[in-house]
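Protein chains: 2
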Amino acid sequence: MSLAETNSWTGIREELLRRIHEREWQPGEQIPHEADLAEEFGCARTTVNRALRDLAESGLVIRKRRAGTRVALNPPQKATLTIPVIREEVEALGRAYRHSLVFREMRPLPPMLHGAFQVALSDNVLFLKTVHFADDRPFAYEERHINLDAAPAARDMAFDTISANEWLVHNAPYSHGDLSLFAVNATDELAGVLDTVTGAALFALERITWTGDQPITHVRLVYAPGYRMRTDI
Amino acid sequence: MSLAETNSWTGIREELLRRIHEREWQPGEQIPHEADLAEEFGCARTTVNRALRDLAESGLVIRKRRAGTRVALNPPQKATLTIPVIREEVEALGRAYRHSLVFREMRPLPPMLHGAFQVALSDNVLFLKTVHFADDRPFAYEERHINLDAAPAARDMAFDTISANEWLVHNAPYSHGDLSLFAVNATDELAGVLDTVTGAALFALERITWTGDQPITHVRLVYAPGYRMRTDI
DNA sequence: AAAGATAATATGCATGCACATATTAATGTG
DNA sequence: CACATTAATATGTGCATGCATATTATCTTT
């Protein structure tokens, strides 16, 4: 019991972490159950439970009722990406943000998205193309479908002062969604818009959000060359 | 009070979520404090606390002592990426995994990584190039530096039966790290290894892990064309 | 009125207890 | 011996209570 760490749940978590990192408890090994640890640390079982729950959330230990707690064999690398509104992302870089709506029309949903959107949509879909700038240099290119059944107010929005990206965050909160990250070669159109050469490797993401079982929006975002999405693990 | 949801903390969380999603509580608005909610739901304050803590973790509400709890103005889009060991990723796709160590030598750390590794390293660095296969088709290409001061046992490992990726997870647990995701064009070498054409857009990641203040490994992973990293949000 | 001390308050956390639930081990039965 | 039933057990959760801590509001004092 090396440290002066008190019997706070964070203190206990640190001690448990140490034992895992320093291999006192091997991967796959079962660790003492809550009651024993509580006695050892001289605290309530609730407090040990809190520490263990936290470790389980981060994937370092696996817990099962009756079976006990064991150190994870392959602790997954979990990384929490925070994907901010693009304006905030640009401003956090200390650069001036602006955006430009380059295309807007009502159009039927492309067949490619019928599966993703999972419902029979009328033609009540708004399609937008937007370019986001940082200090007047293109930062990202956005193609977006908005389900007007889910966000009817979007029909009357110009999206010139506030971007669809930001407007939707404030006006059409979602309950869940899917995100995928990938790389694309710049097409001629993309190269022109993002001020690069055809064929350049570009970082891209696609996101679909729902509220309940109603799809709200599908967005495909392609970042300018050199973009990196970073996070701590 | 619509649902039959009991006074479990998850039930209460769902009800709070509903009020936020349906705008009963506007963004930025202060919500009743724990004691009032506990009375309304007929449960203990601890239970409300648990639900609110969960919402705060996901960024939907902001909590401050004495100041109370308010609905977040710009709920950040948080996505938790789970980056598994490549073998598991491949096997989860129902494909057969194997890997091939194509290069291995002791070499000084390249200057480019001096900053990242943040310590004056001797020449005690192992450099590896590995190709990961799924059903005999290249899946990802890996370049890795291992700090042998942090993981001395790696010096004697062949990394032919078990990949460095997996060995390090089991034998050199890290306390923290940095991850970045980006896109690269296939060089001639990459194209050859990944069975694609020069210039193809490839999804890539770089990761550095430390234990305490000692760097363990730097890895650059480039996936074969078409790869998508997916997650729920 | 400005600055500093003090009180009030909402969340944060620890405790002891009880009961719920999932899972495994032990037991009984054909 | 195979299979279903039952008991045992570790975690999961809820509750009442008390105190800790951060932050705001209020009340001094100069």
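Chains as they are written, first to last, in our numbering: chain A, 5 to 237; chain U, 5 to 237. Think of the CB as a built atom: it goes at the ideal place given N, C-alpha and C, for glycine as much as any other residue.
Could you give the residue range of the beta strand (DSSP E) that holds residue i?
i: Ala-208 (chain A); result: 205 to 215
i: Thr-50 (chain U); result: Segment 49 to 61 is the alpha helix (DSSP H) holding Thr-50 (chain U); no beta strand (DSSP E) there.
i: Thr-73 (chain A); result: 72 to 75
i: Asp-236 (chain U); result: 233 to 236
i: Glu-239 (chain U); result: As shown, chain U starts at 5 and ends at 237. That puts residue 239 (chain U) outside it, with no answer to give.
i: Ala-144 (chain U); result: 141 to 151
i: Thr-221 (chain A); result: 218 to 227
i: Phe-186 (chain U); result: 180 to 189
i: Val-135 (chain U); result: 129 to 138
i: Thr-165 (chain U); result: Per DSSP, Thr-165 (chain U) belongs to no beta strand (DSSP E) and is neither H nor E.
i: Leu-85 (chain A); result: 81 to 87
i: Val-65 (chain U); result: 65 to 68
Using a C-beta cutoff of 7 angstroms, does residue i count as contacting chain U?
i: Val-188 (chain A); result: yes
i: Arg-111 (chain A); result: no
i: Arg-22 (chain A); result: no
i: Met-233 (chain A); result: yes
i: Ala-176 (chain A); result: no
i: Gly-181 (chain A); result: yes
i: Pro-156 (chain A); result: no
i: Pro-142 (chain A); result: no
i: Thr-86 (chain A); result: yes
i: Asn-78 (chain A); result: yes
Cα-Cα, which of the options is closest to residue i?
i: Arg-57 (chain A); options: A:His-37, A:Phe-186 and A:Glu-44; result: A:His-37
i: His-25 (chain U); options: A:Ser-104, A:Arg-54, A:Arg-74 and A:His-180; result: A:His-180
i: Ala-228 (chain A); options: A:Pro-142, A:Glu-92, A:Ala-60 and A:Ile-220; result: A:Pro-142
i: Ala-187 (chain A); options: A:Gly-230, A:Leu-132 and A:Glu-92; result: A:Gly-230
i: Arg-234 (chain A); options: A:Ala-83, A:Ala-71 and A:Val-52; result: A:Ala-83
i: Ala-144 (chain A); options: A:Val-129, A:Phe-131, A:Ala-154 and A:Leu-105; result: A:Leu-105
i: Arg-238 (chain A); options: A:Ser-184, A:Leu-132, A:Ala-76 and A:Ala-96; result: The first residue shown for chain A is 5 and the last is 237, placing residue 238 (chain A) beyond what the model contains.
i: His-174 (chain U); options: A:Arg-23, A:Arg-27, A:Asn-11 and A:Ile-16; result: A:Arg-27
i: Glu-93 (chain U); options: A:Leu-97, A:Glu-95 and A:Pro-80; result: A:Pro-80
i: Leu-64 (chain A); options: A:Arg-17, A:Phe-45 and A:Arg-211; result: A:Arg-17
i: Thr-191 (chain U); options: A:Gly-203, A:Ala-48, A:His-222 and A:Glu-210; result: A:Gly-203
i: Arg-70 (chain A); options: A:Ile-35, A:Leu-225 and A:Thr-165; result: A:Ile-35
i: Asp-217 (chain A); options: A:Tyr-178, A:Gln-30 and A:Glu-95; result: A:Tyr-178
i: Arg-224 (chain U); options: U:Glu-210, U:Leu-183 and U:Glu-44; result: U:Glu-210
i: Val-52 (chain U); options: U:Leu-206, U:Leu-21 and U:Ile-90; result: U:Leu-21
i: Pro-31 (chain U); options: U:Ala-60, U:Glu-61, U:Leu-77 and U:Ser-62; result: U:Leu-77
i: Ala-100 (chain U); options: U:Phe-137, U:Val-89 and U:Thr-73; result: U:Phe-137
i: Thr-165 (chain A); options: A:Thr-221, A:His-103 and A:Val-226; result: A:His-103
i: Leu-59 (chain U); options: U:Phe-163, U:Thr-73, U:Ala-154 and U:Gly-196; result: U:Thr-73
i: Ala-154 (chain A); options: A:Val-75, A:Asn-169, A:Val-129 and A:Phe-163; result: A:Val-129
i: Ala-195 (chain U); options: U:Val-226, U:Val-89, U:Arg-54 and U:Asp-182; result: U:Val-226
i: Val-201 (chain U); options: U:Ile-212, U:Asn-189 and U:Ala-208; result: U:Asn-189
i: Asp-1 (chain U); options: A:Trp-214, A:Ile-90 and A:Ile-237; result: No statement about residue 1 (chain U) is possible, as the shown extent of chain U runs from 5 to 237 and does not include it.
Using 10 angstroms around the beta-carbon of residue i, count the other beta-carbons present and answer buried if the total reaches 16, otherwise exposed.
i: Glu-19 (chain A); result: buried
i: Pro-14 (chain U); result: Per the sequence shown, residue 14 (chain U) should be read as Thr rather than Pro. It is exposed - the Cβ of Thr-14 (chain U) has fewer than 16 other Cβ atoms within 10 Å.
i: Leu-198 (chain U); result: buried
i: Ala-39 (chain A); result: exposed
i: Leu-113 (chain U); result: buried
i: Arg-23 (chain U); result: exposed
i: Glu-146 (chain A); result: buried
i: Ser-167 (chain A); result: buried
i: Leu-97 (chain U); result: exposed
i: Thr-86 (chain U); result: exposed
i: Met-116 (chain A); result: exposed
i: Ala-55 (chain U); result: buried
i: Ala-176 (chain U); result: buried
Could you give the residue range of the alpha helix (DSSP H) that holds residue i?
i: Asp-192 (chain A); result: 192 to 198
i: Leu-172 (chain U); result: 168 to 175
i: His-37 (chain A); result: Neither: His-37 (chain A) is in no alpha helix (DSSP H) and is coded neither H nor E.
Can you find a C-beta in chain A that's less than 7 angstroms from the C-beta of residue i?
i: Ser-12 (chain U); result: no
i: Arg-49 (chain U); result: no
i: Pro-114 (chain U); result: no
i: Ile-237 (chain U); result: yes
i: Val-226 (chain U); result: no
i: Arg-67 (chain U); result: no
i: Ser-184 (chain U); result: yes
i: His-25 (chain U); result: yes
i: Leu-206 (chain U); result: yes
i: Lys-82 (chain U); result: yes
i: Val-89 (chain U); result: yes
i: Gly-203 (chain U); result: yes
i: Thr-73 (chain U); result: no
*Identify every run of the alpha helix (DSSP H) within the region 92 to 116 of chain U, keeping only runs that are complete inside it and at least 4 residues long; order them along the chain.*
none
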